[in-house]
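Peer 1: Supplied in structure tokens, the structure appears directly below.
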Amino acid sequence: MNVTITINGEPVTRDVEPRLLLVHFIRETPGLTGTHWGCDTSNCGACVVLMDGKPLKSCTTLAVMCEGHEITTVEALEVDGELDPVQQGFHEKHALQCGFCTPGMLMTSRALLDENPDPSDLEIRTAISGQICRCTGYQNIVAAVRWAADHEATTRQEA
Amino acid sequence: MSAIEEERPIGFGRLKRKEDARFIRGKGKYLDDITLPGMLHGAILRSPYAHAKILSIDTSEALAHPNVAAVITAKDLETLGLAWMPTISYDTQSVLAGDKVRFQGQEVAFVIATDEYSARDALQLIDVDYDPLPVVVNARRALDEDAPLIRDDKEGQTDNLASPTWEAGDEEATERVFAEADTVVTRDIMYPRCHPSPLETCGMIADFNPKTGQLDIYNGNQAPHVHRTVYAHVAGLPEHMIRIMCNDIGGGFGNKVPVYPGYVCTIAASIVAGVPVKWIEDRTEHLTSTGFARDYIMHSSICSKDGRITGLKVDVIADHGAFDSTAQPTKFPAGFFHICTGSYDLEAAHVKVKAVYTNKAPGGVAYRCSFRITEAVYLVERMVHALAMEMGVDEIDLRMGSFIGPEQFPYETTTGWTYDSGNYAETMKVAMDIAGYEDLRREQVEKRGRGELMGIGVSFFTEGVGAGPRKHMDILGLSMNDGADLRVHPSGKAVVSLSAQTQGQGHETTFAQIVAEELGIPPEDVEVRHGDTDRSPYGLGTYGSRSTPVSGAAVAVVSRKVRDRARLIAAQMLETRPEDLAWEKGRWYVKGDPEQGALIADIAHRAYSGEALPAGIEGGLDAQVIYDPPNLTYPYGAYIAVVDVDPETAHVKVRRFIAVDDCGVRINPMIVDGQIHGGLAEGIGIALMEVITFDEEGNCLNSSFMDYQIPTALECPEFELGETVTPCPHHPLGAKGVGESPNVGSPPAIVNAVIDALHESHGVTHVDMPCSPARVWAAMQGRPEPPQ
Amino acid sequence: MQTPAPFEYERATSVEGAIASLERLGSDARVIAGGHSLLPMMKLRLANPEHLIDINDLHELSYIRDEGGEIAIGALTRHVELLDSPLLAAWFPVFREAEEVIADPVVRNRGTMGGSLCQADAAEDLSAVAAAVKAKVVIRSSSGTRTISMGEFHVGPYMTAVGEGEMVTEVRIPKRPGGGSAHEKVERRAGDFAIAAVSAAVWIDGGTIADAGIGLSAVGPITIELTRAEELLRGQRPSEELFAQAGAIASEDCAPSSDGRGPADYKRHLAGALTKRALRRATARALHQEA
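So this is what it looks like as structure tokens:
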């Protein structure tokens, strides 16, 4: 069946089987392999994107269910060559090693700060508790989100 | 150091990573991100049985599926001579099962179709007729008289013994020491089967060009050159026509070292079909068929005399699964397990390791194990704690009194290792300070009075990494040396190519930092090249924490070679003799007249110019090195875990974890800390929740991330790290390597803490991992059981 | 990754339309809301419905309303909405406590009240919550609605009283004064199903327990309503001894099986320990002694 999904502000139209998972729809769209997958049971969160601004495990969603919704992937974070503060924070704080969980972590972090600009460490850890990182032990990810929150607070003050 | 230099050091320091740029933008190039024109997709049909004869395989319905191009079975591979392949341990392994299946999840057929969904649909259309056989999954029973014979494919094999018993140490001397001891403690300690589970599963794209005979392989693996040699051997293909490109790898942890049947099937499929073929396994396949870790059943006794630890003996049954596919140097079939004398100045020790086959997935050496050192350290640190409990002394005091002293280095252990350098007591004290050890003990007593169960556990590990010297260490006959090529361009920018293969360890940054440190070329001007067998020198890859000790040394040595060549050129440029020059980072200058100097970039330019060159310099500024390490390096550390156990539910929470590592000189402390954080999280997983178990029929009970549980951010505390720096005397940079240390040292600290929490209140003296709530509760009831 | 078998898909535009499709397609069809129970089973090919009816556009089923004598929760209400609801936090904090430990924050954006109850997994927390607060389930068909108790709703493992051509549209919870509630769960790891979990609610009038509701998760083939303990508690003054007696009943009356999460004897033990804890905290809340 024909389906149109808005991804990063652009409509993407394809003829797909109803069983096509959103993660595959995204990854088969040119330039959008930043969203990954890592398990079969919705546990790892490597596939997290935003749907209407809220984190979603794209491996546990059918593409056809997303028509009429806005999907945001990691590729949308950088705008006009400027990194999103969460991306900058991850780099500043060494919050990534192999990089495989990173897109999902970035999207959840972005959504968290959009809803809660000053999260505690526990709130950050809770927000990412549905996603696995094997490399970092999470500590620097928490520090990175903290960095981004502080950076955005400063930027708001200066504005 | 100025603020700017600290931010962007030219050399060692907390340099932010160069590789981040693509990953934070989602522009990494992992295996599943690669698509080639005309590419087909593979899927593997796997056995639901742990042990069964294959009576027939009917692929006709699958072949009739409109999107299926081919279905490969053992029969097809036999005609190519590919039905069986050699393993890294000189065993053979089925690529596709022909006669029978020997573990649940074993590969039986390989389908190639136009897309992945169709390939998986086609699996359901293949009809295999199995005749189930009796199963053995308990390694203790694998050698029973009536145990089913698993490896009837091996001529002369009449039982499930995988290799002759490996022994180290001195049995007689050990018996004497035990006879004279004041205190002897014996334990049965298991290190259960767990799984490295990197977030990216294994897979491959094979692209065989029938016109040119070139085989291009895209594959995330930790030892690309070794794999290339294996494929040349196995597939009878000329090695110079095989190219393996690793690109970005989503974690390895030792899981991406072996050659898997899926890889051979993918290559065979591409050769047969004449088009690229991609195969990527799902998570269940990953957990049930790829290289697991540990599965060591250890029976051990430890003894002390006059308050010092004097002797250790260990008997091990090693469960290798259905095929022996472990990776370790040829002369060390039990890996480095016999380093289990640990950090102590023992009088004698004796170690015996027996390897058996069972109807389970093959593997054993993986998951940051440093070739079985995780098992060795777990054993000795658990035994030391048990001994301290029996003696009624504090476990740190017992260790302090038994440590190898700093003046004893280089120290030869009773099982044949020569530790390079160490000051153990100093590191232990730093850990105690960070932890506030005395305060913790006071708090523990106070809490116990209120019925709250808090535990403090310690582990002090010494491990050996950086395999290894060519005279002792080879894998499949390939010596464990690693190469480095350094080429400085006329503009003064450089490319260093190395054999190491990153899976997230930050090589693109740290190796550039080594060149920067040695030559003064800024790291952003040094490109690190790896992961492509056509563009990097031969080497044995990255595992066993060998990148810094071996490749790092190679890069330092090759940089110094370039620097020495630069000296000759600079001498000519400055019209003086080489011995009249001195070096400061980035330039050679005239001793006594420092204004007179030549920057490395200018020297490079000169090297390529038409100007006169000194004797011995042919032109260009480059060098090549193969580094043969004189010894392993021996990082060590003091770890302290603080846990709280809920007295009613037995749920264990790791409240604090203090880790003080001594890995010698640290090239990039930020990356070192990150490695330690990650390894500690894995240690928490292993200690509390990660385990692969089987039922009596050989069904794997932890075959998805629902049941193979990995710690989340809520299970990990804020790790408290410290450091001491005791340089390695034989490494060009004084560095030792650290990647596996946190995984080596943390599980015993946590388990010791759990026992410590429950010893006084419940009389618990032992519990096996994982310390899940159910298992800890059973221990509290006096019924601790090892996992099956 | 594992992928589902092929199926037909339609998006419902109204509740009536969804029900009409269910009637037409019979047992070959499944409703999909959040999909975080159904899709994983379909990917593992443990569930292979031929038709999926997507009800995510039926926003009229998404609400948490104070209707005077009852709180009404629409079946499409997401876990995160139950977690964040001030109305539920005020009247039934057991919802917030349970939601904090149901799945993970990302899954909670999608999973729904109706979906959780209809999954009828004994290890699923919301069913125990609903049982404890004496919730009723509203089931609609083309011939109207019927309202049944939680006890009538769960009929067996993964089986509910929802018949062909029927759909759960709402859950209704009676509001009574003097209430307090709490949820206790032990899990192997954050986000996991319970090894055992207990939801408890008490209503206290004049110092004695007027009514009690206790639901146990993961210690039987279905969610267990601890009716024997509820009878014991009614009319009594709350005390530690009373909670211990209720706990003993929980251990006796549950029917756990041994599995990867733990052996049966440990689960029995937990049922008792957690029943005590949940009652203790529910009572403290009812007596306004706890924040």
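Residue numbers (the numbering used here), protein chains in the order written: chain A, 151 to 309; chain B, 1040 to 1827; chain C, 55 to 345.
All C-beta atoms, glycine included, are put in the ideal place defined by N, C-alpha and C.
1) Grab the span of the alpha helix (DSSP H) containing T201 (chain C) for me, first residue to last.
2) I need the boundaries of the alpha helix (DSSP H) containing D1603 (chain B), first residue and last residue.
3) So, is the C-beta of D111 (chain C) closer than 9 Å to a C-beta in chain B?
4) State the start and end residues of the unbroken alpha helix (DSSP H) segment that holds E1729 (chain B).
5) Here's the rule I'm using: 16 or more other beta-carbon atoms within 10 Å means buried, otherwise exposed. How should R1481 (chain B) be labelled?
6) Between which two residues does the beta strand (DSSP E) holding H1338 (chain B) run?
7) In whole angstroms, what is the alpha-carbon distance linking L21 (chain C) and A250 (chain C)?
8) If contact means a Cβ-Cβ distance below 9 Å, which residues of the stretch 264 to 276 of chain A contact chain B?
9) Just the chain B side, please: which residues come within less than 8 Å of T57 (chain C) by C-beta, in chain order?
10) Kindly indicate the opening and closing residues of the alpha helix (DSSP H) around D1209 (chain B).
11) Out of B:V1594, B:Y1666, B:G1559 and B:D1712, which has the shortest C-alpha to C-alpha gap to A1020 (chain B)?
12) Since K1092 (chain B) and Y1169 (chain B) are thought to touch, with beta carbons under 8 Å apart, how far apart are those beta carbons, to the nearest angstrom?
13) Is it buried or exposed, P1300 (chain B), if we count other Cβ atoms within 10 angstroms and call 16 or more buried?
14) Quick check on G1750 (chain B) - is its C-beta less than 9 Å from some C-beta in chain C?
15) Jot down the residue ranges of each uninterrupted beta strand (DSSP E) in the stretch 211 to 245 of chain C, minimum 3 residues, whole runs only, in chain order.
16) List, in order along the chain, the chain C residues whose C-beta lies closer than 7 Å to that of K204 (chain A)?
17) Please identify the residue among B:G1350, B:G1252, B:G1259 and B:K1344 whose C-alpha is closest to the C-alpha of V1314 (chain B).
18) Is there a Cβ of chain A sitting closer than 9 Å to that of S1232 (chain B), yes or no?
19) For the beta strand (DSSP E) holding M1229 (chain B), just list the boundary residues, first then last.
20) Is Q1635 (chain B) helix, strand or coil by DSSP?
21) Between which two residues does the beta strand (DSSP E) harbouring N1258 (chain B) extend?
22) For L100 (chain C), count the other beta carbons within 10 Å of its own beta carbon; 16 or more makes it buried, fewer makes it exposed. Which is it?
23) Output needed in chain order: residues of the stretch 1232 to 1261 of chain B with a Cβ under 9 Å from some Cβ in chain A.
24) Spell out whether any CB of chain B is found under 9 Å from the CB atom of P310 (chain C).
25) Taking 9 Å as the CB-CB cut-off, is G159 (chain A) touching chain B?
26) In whole angstroms, what is the alpha-carbon distance linking P1561 (chain B) and P1048 (chain B)?
27) Between which two residues does the alpha helix (DSSP H) holding T337 (chain C) run?
28) Can you list, in chain order, the residues of its chain whose CB lies under 6 Å from that of Y1230 (chain B), leaving out five sequence neighbours each side?
29) Just the Cα atoms here: how many angstroms apart are P1826 (chain B) and C308 (chain C)?
30) With 16 as the cutoff for other CB atoms within 10 Å, does A345 (chain C) come out buried or exposed?
31) Can you list, in chain order, the residues of its chain whose CB lies under 8 Å from that of R275 (chain A), leaving out five sequence neighbours each side?
32) In chain A, what lies closer than 9 Å to K239 (chain C) by C-beta?
33) Use the C-beta contact count for T57 (chain C): other C-beta atoms within 10 angstroms, 16 or more gives buried, fewer gives exposed.
34) Starting from the beta carbon of P168 (chain A), find every residue of chain C whose beta carbon is closer than 8 Å, and list them in chain order.
35) Per DSSP, what kind of secondary structure is A1361 (chain B) in: helix, strand or coil?
36) Which bits of chain B does F250 (chain A) rub up against, with CB to CB less than 9 Å?
Peer 2: Looking at the coordinates:
1) One-based indexing of the third sequence puts residue 201 (chain C) at position 147. Run containing T201 (chain C): none in the alpha helix (DSSP H); it sits in the beta strand (DSSP E), G198 to S203.
2) Position 564 of the second sequence, counted from the start, is the residue given in the question as residue 1603 (chain B). Where D1603 (chain B) is concerned, the enclosing alpha helix (DSSP H) stretches over A1592 to M1612.
3) Here residue 111 (chain C) corresponds to residue number 57 of the third sequence, with the count starting at 1. No, because no Cβ of chain B sits closer than 9 Å to the Cβ of D111 (chain C).
4) Here residue 1729 (chain B) is taken as the residue at index 690 of the second sequence, counted from 1. That residue, E1729 (chain B), is in no alpha helix (DSSP H); it is neither H nor E in DSSP.
5) Here residue 1481 (chain B) corresponds to residue number 442 of the second sequence, with the count starting at 1. Burial call: exposed.
6) Mapped onto the second sequence, residue 1338 (chain B) falls at position 299. F1331 to K1344 is the extent of the beta strand (DSSP E) around H1338 (chain B).
7) Absent from the structure is residue 21 (chain C), since the part of chain C shown begins at 55 and ends at 345.
8) D271, L272, I274, R275 and T276
9) Translated into the one-based positions of the third sequence, residue 57 (chain C) becomes position 3. Residues of chain B passing the Cβ test: E1155, Y1156 and R1159.
10) Reading the second sequence from its first residue, position 170 is the one you call residue 1209 (chain B). Neither: D1209 (chain B) is in no alpha helix (DSSP H) and is coded neither H nor E.
11) Residue coverage of chain B in this structure runs from 1040 to 1827, which leaves residue 1020 (chain B) outside it and unanswerable.
12) Stepping through the second sequence from its first residue, residue 1092 (chain B) is reached at position 53. Stepping through the second sequence from its first residue, residue 1169 (chain B) is reached at position 130. 7 Å between Cβ atoms; contact.
13) As a working mapping, residue 1300 (chain B) is identified with position 261 in the second sequence. It counts as buried.
14) The count along the second sequence starts at 1 and reaches residue 1750 (chain B) at position 711. Just to set this straight, residue 1750 (chain B) is Pro in the shown sequence, not Gly. It does; some Cβ of chain C falls within 9 Å.
15) 221 to 228 and 233 to 240
16) The residue given as residue 204 (chain A) occupies position 54 in the first sequence. Residues of chain C passing the Cβ test: N163.
17) Here residue 1314 (chain B) refers to the residue found at position 275 of the second sequence. With distances taken between Cα atoms, V1314 (chain B) lies closest to B:G1252.
18) By one-based count along the second sequence, residue 1232 (chain B) stands at place 193. Here residue 1232 (chain B) turns out to be Arg, not Ser, going by the sequence shown. Not one chain A Cβ lies under 9 Å of R1232 (chain B).
19) Locating residue 1229 (chain B) in the second sequence gives position 190, where the first residue counts as 1. It spans T1222 to C1233 - the beta strand (DSSP E) in which M1229 (chain B) sits, taken as one unbroken run.
20) What you label residue 1635 (chain B) is simply residue 596 of the second sequence in a count that begins at 1. Strand at Q1635 (chain B).
21) Here residue 1258 (chain B) is taken as the residue at index 219 of the second sequence, counted from 1. Taken as a continuous stretch (DSSP letters only), the beta strand (DSSP E) holding N1258 (chain B) covers L1254 to N1258.
22) The count along the third sequence starts at 1 and reaches residue 100 (chain C) at position 46. Exposed, since its Cβ has fewer than 16 Cβ neighbours within 10 Å.
23) P1235, S1236, P1237, L1238, E1239 and T1240
24) As a working mapping, residue 310 (chain C) is identified with position 256 in the third sequence. Not an interface residue.
25) Translated into the one-based positions of the first sequence, residue 159 (chain A) becomes position 9. Answer no: the Cβ-Cβ gap between G159 (chain A) and chain B never drops below 9 Å.
26) The sequence position of residue 1561 (chain B) within the second sequence is 522, counting from 1. The sequence position of residue 1048 (chain B) within the second sequence is 9, counting from 1. Those two C-alpha atoms are separated by around 8 Å.
27) Along the third sequence, read from residue 1 onward, the residue named residue 337 (chain C) stands at position 283. First-last of the alpha helix (DSSP H) with T337 (chain C): A318 to A340.
28) Within the second sequence, residue 1230 (chain B) is the residue found at index 191, counting from 1. Cβ neighbours of Y1230 (chain B) beyond the five flanking positions: R1333, Y1335, E1414 and Y1417.
29) Here residue 1826 (chain B) corresponds to residue number 787 of the second sequence, with the count starting at 1. Here residue 308 (chain C) corresponds to residue number 254 of the third sequence, with the count starting at 1. If you take the alpha carbons of P1826 (chain B) and C308 (chain C), they lie about 26 Å apart.
30) For this step, residue 345 (chain C) is matched to residue 291 along the third sequence. For A345 (chain C), the predicted model reports a pLDDT of 48, less than 50, meaning its position is unreliable; a value from the coordinates is still stated below. Classification of A345 (chain C): exposed, given that the 10 Å Cβ count is below 16.
31) Position 125 of the first sequence, counted from the start, is the residue given in the question as residue 275 (chain A). Y288 and V292.
32) Along the third sequence, one-based indexing puts residue 239 (chain C) at 185. Those within 9 Å of K239 (chain C) in chain A number zero; the least Cβ separation is about 15 Å.
33) To locate residue 57 (chain C), count along the third sequence from 1; it is residue 3. Answer is buried; the Cβ neighbour count reaches 16.
34) For the purposes of this step, residue 168 (chain A) is taken as the residue at position 18 of the first sequence. Neighbours of P168 (chain A) on chain C, chain order: P60, F61, E62, Y63 and L106.
35) For the purposes of this step, residue 1361 (chain B) is taken as residue 322 along the second sequence, with counting starting at 1. Note: A1361 (chain B) maps to coil in three-state DSSP.
36) Looking up residue 250 (chain A) in the first sequence gives position 100. Residues of chain B passing the Cβ test: F1062, G1067, Y1069, P1237, L1238, E1239, D1287, I1288, G1289, G1290 and G1543.
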